[in-house]
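Going by UniProt numbering, the sequence shown opens with residue 1, and the numbers climb by one from there.
Positions of the beta carbon are idealized from the N, C-alpha and C atoms, including for glycine.
Notes follow once the structure below has been shown.
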Amino acid sequence: MATSIFREYFKGYEILGELGRGNARVLKARSLQTGELVAIKHFAFNTEPDTLRRFQRESEIMKSIQHEYIVKIIEVHLDAELPYIVMQLVEGGDLRSLLRMHHTLDIATVIRLAHHMTEALDAIHAKAVVHRDVKPENIMYRRLPTGEIHFLLTDFGIAKLREQSDTITVTGASMLTYDYASPEQFNQSKNVSTPTDYYSLGVVIYECLTGLVPFEYEQDDLLMHINRVIASPIPVPRLPAHRSLPPSLMLLMEGLLTKQGSHRLADPVQVRHLLKMAAIEDLRGIRTLPPAEQSETVKYVAPPPPPPTKKREITFIAVVLLLISVAIFFSWTTLVKSNAIAAETTPPDIKPSHVQEVKYNIPSGKRKYLAAPIQAPAIPIEPVQEDIPERTPETNPGITLNNGVYYNDFSDPQDTIWDIGKDETSEFNLADGKYIMKGLADSLSYSTAAKFNLDIHKDFTIMANATHWGDSAGDPFGLNFCGDQQQDSYFVFYITSNGYYSVGALIKDEWKVFVDWTPSANIRPDAGMNMLTVEKHGTVLRFLINDRLEKTLSFTGGFGNYFGLRVDGAQTVSFDQLIVKGSQ
Numbered sequence: 001m002a003t004s005i006f007r008e009y010f011k012g013y014e015i016l017g018e019l020g021r022g023n024a025r026v027l028k029a030r031s032l033q034t035g036e037l038v039a040i041k042h043f044a045f046n047t048e049p050d051t052l053r054r055f056q057r058e059s060e061i062m063k064s065i066q067h068e069y070i071v072k073i074i075e076v077h078l079d080a081e082l083p084y085i086v087m088q089l090v091e092g093g094d095l096r097s098l099l100r101m102h103h104t105l106d107i108a109t110v111i112r113l114a115h116h117m118t119e120a121l122d123a124i125h126a127k128a129v130v131h132r133d134v135k136p137e138n139i140m141y142r143r144l145p146t147g148e149i150h151f152l153l154t155d156f157g158i159a160k161l162r163e164q165s166d167t168i169t170v171t172g173a174s175m176l177t178y179d180y181a182s183p184e185q186f187n188q189s190k191n192v193s194t195p196t197d198y199y200s201l202g203v204v205i206y207e208c209l210t211g212l213v214p215f216e217y218e219q220d221d222l223l224m225h226i227n228r229v230i231a232s233p234i235p236v237p238r239l240p241a242h243r244s245l246p247p248s249l250m251l252l253m254e255g256l257l258t259k260q261g262s263h264r265l266a267d268p269v270q271v272r273h274l275l276k277m278a279a280i281e282d283l284r285g286i287r288t289l290p291p292a293e294q295s296e297t298v299k300y301v302a303p304p305p306p307p308p309t310k311k312r313e314i315t316f317i318a319v320v321l322l323l324i325s326v327a328i329f330f331s332w333t334t335l336v337k338s339n340a341i342a343a344e345t346t347p348p349d350i351k352p353s354h355v356q357e358v359k360y361n362i363p364s365g366k367r368k369y370l371a372a373p374i375q376a377p378a379i380p381i382e383p384v385q386e387d388i389p390e391r392t393p394e395t396n397p398g399i400t401l402n403n404g405v406y407y408n409d410f411s412d413p414q415d416t417i418w419d420i421g422k423d424e425t426s427e428f429n430l431a432d433g434k435y436i437m438k439g440l441a442d443s444l445s446y447s448t449a450a451k452f453n454l455d456i457h458k459d460f461t462i463m464a465n466a467t468h469w470g471d472s473a474g475d476p477f478g479l480n481f482c483g484d485q486q487q488d489s490y491f492v493f494y495i496t497s498n499g500y501y502s503v504g505a506l507i508k509d510e511w512k513v514f515v516d517w518t519p520s521a522n523i524r525p526d527a528g529m530n531m532l533t534v535e536k537h538g539t540v541l542r543f544l545i546n547d548r549l550e551k552t553l554s555f556t557g558g559f560g561n562y563f564g565l566r567v568d569g570a571q572t573v574s575f576d577q578l579i580v581k582g583s584q
């Protein structure tokens with residue numbers, strides 16, 4: 001269905017937007033009782049029993065484990081019409097989004113990540129639980145007030161108890177994420193145990209350092225992939241230029257990625273020790289060159305060791321003892337000061353700040369010459385006052401809000417108020433729960449808007465997720481609000497995928513700029529999904545990107561109660577989870 005009264009399904013919560021979707025959808029919500037922001041994970045109606053059993057198992061596992069590095073469960077409602085779990089909201093996002101932004105992480109951050117995940121794995125393994133799906137998508141992060149990053153493990157959907165039957169193991173195997181699966185998950189499923197999770201952690205560490213997984217799964221090449229994971233040596237880590245690893249971090253990665261589970265480094269005490277040594281080496285600038293590729297048959301034991309029986313074990317212990325002598329001079333507590341993410345990227349200096357007469361394309365096919373911004377060489381724009389001018393809103397009824405909310409997840413092409421069609425300059429379509437606007441002409445602007453039965457003089461909100469596709473990183477897209485379609489007048493909150501935002505309005509066939517193009521660190525670049533929000537509270541408008549406030553402007557009136565979506569130029573943007581809130 002395209003619209004939903006979510007309070008009917010999630011009693012006591014206000015739905016604010018979507019955080020992501022995979023086997024289930026995760027929504028951002030606010031408790032009406034406490035005001036606390038939470039995450040709600042739910043499946044669709046008529047979900048298959050096997051899926052619900054995994055859902056039940058996940059909730060039971062997570063409720064039984066309360067740990068600072070594991071996402072907490074707040075409520076479980078699996079007997080509801082729409083089964084769901086209420087979880088702790090982690091505002092930062094997942095590790096995958098962090099890697100998309102930075103490609104690799106600096107060594108101090110990787111050490112911190114490995115430390116937090118080791119603590120999380122130790123906690124679940126103590127409960128005889130094996131996660132079986134440790135990967136960047138299942139590791140959340142948030143920034144603490146100190147600037148440090150806090151990582152949390154989540155998604156126990158295919159986890160199992162060590163004593164569970166092979167039936168559950170086989171079910172989970174069909175849901176493996178192949179890039180992070182251990183050798184035994186492919187050829188010895190009965191031997192899946194705690195070392196399995198440490199292998200996956202090793203793959204995550206490898207990817208965070210190099211930007212690549214050791215063995216990338218290629219579509220329709222599963223047998224070849226399995227053979228590589230089981231038999232091929234781990235490729236030598238190819239690090240970014242001018243970077244090498246602390247010796248202990250290299251040893252840790254080798255130990256975690258050992259092929260044979262019984263020989264794999266899976267003792268949390270030893271992992272913690274190597275991480276501590278690696279942090280000290282990183283602080284001191286102690287580095288080593290990557291080792292030559294070799295097969296991995298070394299058995300690791302926690303220090304102090306029994307009498308070694310292999311030459312490799314002697315070398316390993318000697319290195320550890322040498323590092324302990326270094327640790328005497330430095331405290332572990334000094335290490336967290338150096339855990340900033342590596343290489344913050346600066347958006348390219350492409351500012352779509354020109355204003356000129358162009359054709360404005362209304363989805364119905366009607367076109368007329370209007371003013372709209374497009375990407376062009378920058379020219380000076382005279383400053384304007386930030387007060388949005390008074391306009392009389394339209395009073396004709398529009399779309400009725402259910403309990404003050406209109407929600408559209410774009411899931412049903414047969415039940416939508418939004419334009420669908422194609423002509424020589426544009427294409428509007430619904431696919432995979434997304435509303436896709438595709439422009440084919442650089443000189444045109446494209447929008448679709450609807451009238452809502454709300455009073456813009458009272459508080460209102462419009463928000464949507466937007467994802468840019470293609471190469472036109474400087475072209476803007478965003479939200480239209482407080483518009484009058486008959487007068488062709490409206491306000492626009494724009495962003496670009498190369499990191500800029502602006503606010504403007506079309507007033508009497510003239511484009512007015514209220515916020516010139518301004519760089520924002522909150523915009524997820526390239527094909528990252530960005531949540532855009534315009535909120536009116538009293539006499540002010542608040543503009544947010546990914547739940548972070550960018551700008552506040554005074555509001556004295558609008559043109560009308562049309563709200564919608566906007567794309568400029570030859571680019572493709574998919575929108576999702578459109579929400580309009582207000583009152584009559």
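Have a look at residue i and residue j and give me their C-alpha separation to the nearest angstrom.
i, j, result
"P389", "S472", "Below a pLDDT of 50, predicted positions are generally treated as unreliable, and P389, at 47, falls in that range; the measurement from the model is reported next regardless. Approximately 32 Å between the Cα atoms of the pair."
"Y217", "S200", "14 Å"
"S31", "N403", "16 Å"
"G483", "R132", "51 Å"
"L276", "F428", "For the record, residue 276 in the displayed sequence is Lys; it is not Leu. Cα-Cα distance, rounded: 54 Å."
"R542", "T496", "18 Å"
"Y500", "A123", "42 Å"
"F563", "V38", "27 Å"
"L274", "L99", "24 Å"
"F10", "A80", "9 Å"
"R518", "F156", "Before going on, a small fix: residue 518 reads as Thr here, not Arg. Cα to Cα, the separation comes out at about 41 Å."
"Y13", "Y407", "14 Å"
"E48", "V76", "18 Å"
"V405", "T556", "23 Å"
"I436", "T425", "14 Å"
"F329", "I286", "With a pLDDT of 30 at F329, under the threshold of 50, the modelled position of that residue is not reliable, and the figure given next carries that caveat. In a straight line, the C-alpha of F329 is about 15 Å away from that of I286."
"N138", "F43", "17 Å"
"I85", "R53", "13 Å"
Is residue j closer than 8 Å to residue i when the C-beta atoms are compared?
i, j, result
"P246", "E281", "yes"
"G20", "V26", "yes"
"Y180", "V203", "yes"
"F575", "K451", "no"
"S583", "L444", "no"
"P136", "L78", "no"
"residue 588", "L532", "Absent from the model: residue 588. The displayed extent of the chain is 1 to 584, so no value can be given."
"L257", "A278", "no"
"I462", "V534", "yes"
"V129", "S193", "no"
"I230", "N187", "yes"
"G569", "G439", "yes"
"T448", "D419", "yes"
The alpha helix (DSSP H) spanning residue i covers which residue range?
i, result
"L99", "L95 to H102"
"residue 585", "Limits of the chain in this structure are 1 at one end and 584 at the other, which puts residue 585 out of reach."
"P237", "P237 -> no alpha helix (DSSP H), and no H or E assigned at all."
"V110", "I107 to A126"
"F43", "No alpha helix (DSSP H) holds F43; DSSP gives it neither H nor E."
"E184", "P183 to N187"
"Q487", "Neither: Q487 is in no alpha helix (DSSP H) and is coded neither H nor E."
"D282", "P268 to R284"
Need the endpoints of the beta strand (DSSP E) that residue i sits in, please.
i, result
"K451", "S445 to K451"
"E137", "Segment: none, E137 is in no beta strand (DSSP E) and carries neither H nor E."
"R542", "V540 to I545"
"residue 595", "The structure shown does not extend to residue 595, since the chain spans only 1 to 584, so no value can be given for it."
"S502", "Y500 to I507"
Give the C-beta separation of residue i and residue j to the nearest angstrom, bearing in mind that I take them to be a contact with Cβ-Cβ under 8 Å.
i, j, result
"I74", "Q56", "Between Q56 and I74 the Cβ distance is about 16 Å, and since that is not below 8 Å, they are no contact."
"M140", "L152", "5 Å"
"P240", "T416", "Rounded, the Cβ-Cβ distance is 45 Å, inconsistent with contact."
"K551", "V492", "That belief does not hold up - the Cβ atoms of K551 and V492 are roughly 13 Å apart, past 8 Å."
"Y494", "F477", "7 Å"
"P268", "T118", "5 Å"
"V540", "A466", "Going by Cβ atoms, the distance from V540 to A466 rounds to 23 Å, so no, they are not a contact pair."
Please indicate yes or no: does the CB of residue i lie closer than 7 Å to some heavy atom of the ligand MG?
i, result
"V513", "Inclusion of the ligand MG in the displayed structure is not the case, the ligand content being empty and no account of it being possible."
* To do: Give a yes or no on contact between the stretch 54-73 and the stretch 105-113, applying the rule of three or more CB pairs nearer than 8 Å.
  => no
* Examine the Cβ distances between the stretch 471-489 and the stretch 526-546 and report whether three or more of them are shorter than 8 Å. => yes
* contact_flag[the stretch 209-225, the stretch 262-276] where n(CB pairs < 8 Å) is 3 or more -> no
* Would the stretch 504-512 and the stretch 575-584 be scored as touching if the rule is three or more Cβ pairs under 8 Å? -> no
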